[in-house]
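Peer 1: Please see the structure below; I have some questions.
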Amino acid sequence: MSDEEKDVDIESDDEDVCSSASISGDSNRNAFAQADKRAHHNALERKRRDHIKDSFSSLRDAVPSLHGEKASRAQILKKAAEYIGFMRRKNTTVQGDIDDLKRQNKVLEEQIRTLEKAKSSGITDLDLNGTSILDNSSHTKIESESVSSLDGMSD
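The working numbering applies: residue 791 is where the sequence shown begins, and numbers increase by one.
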């Protein structure tokens, strides 16, 4: 190889190095950008999984039969659904009790109004639900109904 050929060959090698360095720089930047995107995506996914894990832990702790126990996600969901059903039935029962007590209160308030009217008008013998005011059993009847309804509330 002559000196001229060597010079030309060296120059072409320099061009190849420059162009490959340029390509290499672009691909490095692209690789870094891809790595950043991947790292960001992984961080978001990890955060999402942690949130789900914390939510299952909170749900497990909210269900009395699972409180503090180690349980699979399927068990947690099953027991939570059972507990929700139980609480719905209990709420229905309690709402029925509340409605009964409201009806009893209305009856008692009406009896109070009737008795107050009778007292203010001076009537001493009044028929209130088939019993006389002078009859001592009416007081006992009203009192026993009130006590029995209060006993039912303790359940």
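Where a beta carbon is used, it is the ideal one built from N, C-alpha and C, also for glycine.
Treat the numbers as computed from the prediction; the structure is a model and nothing was measured.
For the candidate residues K860, A852, V884 and L891, whose alpha-carbon lies nearest to that of D872?
Peer 2: Reading off the sequence shown, one finds Glu at residue 872, where the question assumed Asp. Nearest option by C-alpha distance: A852.
Peer 1: Could you check what DSSP says for I874 in three-state terms: helix, strand or coil?
Peer 2: I874: helix per DSSP, three-state reduction.
Peer 1: To the nearest angstrom, how far is the alpha carbon of N818 from that of L834?
Peer 2: Going from the Cα of N818 to the Cα of L834 covers about 24 Å.
Peer 1: Take the Cβ of R850 as the centre, count every other Cβ of all protein chains shown within 10 Å, and call the residue buried at 16 or more, exposed below.
Peer 2: R850 comes out buried.
Peer 1: What separation, rounded to the nearest whole angstrom, lies between the Cα atoms of A821 and S845?
Peer 2: Rounded to the nearest angstrom, the two C-alpha atoms are 36 Å apart.
Peer 1: Given this structure, state the Cα-to-Cα distance separating A864 from I842, to the nearest angstrom.
Peer 2: Roughly 13 Å between the two C-alpha positions.
Peer 1: Just to confirm before moving on: does the CB-CB distance between S847 and K869 stay below 9 Å?
Peer 2: In this structure, K869 does not lie closer than 9 Å to S847 by Cβ.
Peer 1: Between which residues of its own chain and G858 is the CB-CB distance below 8 Å, once the five residues before and five after are set aside?
Peer 2: These residues qualify, in order along the chain: D851.
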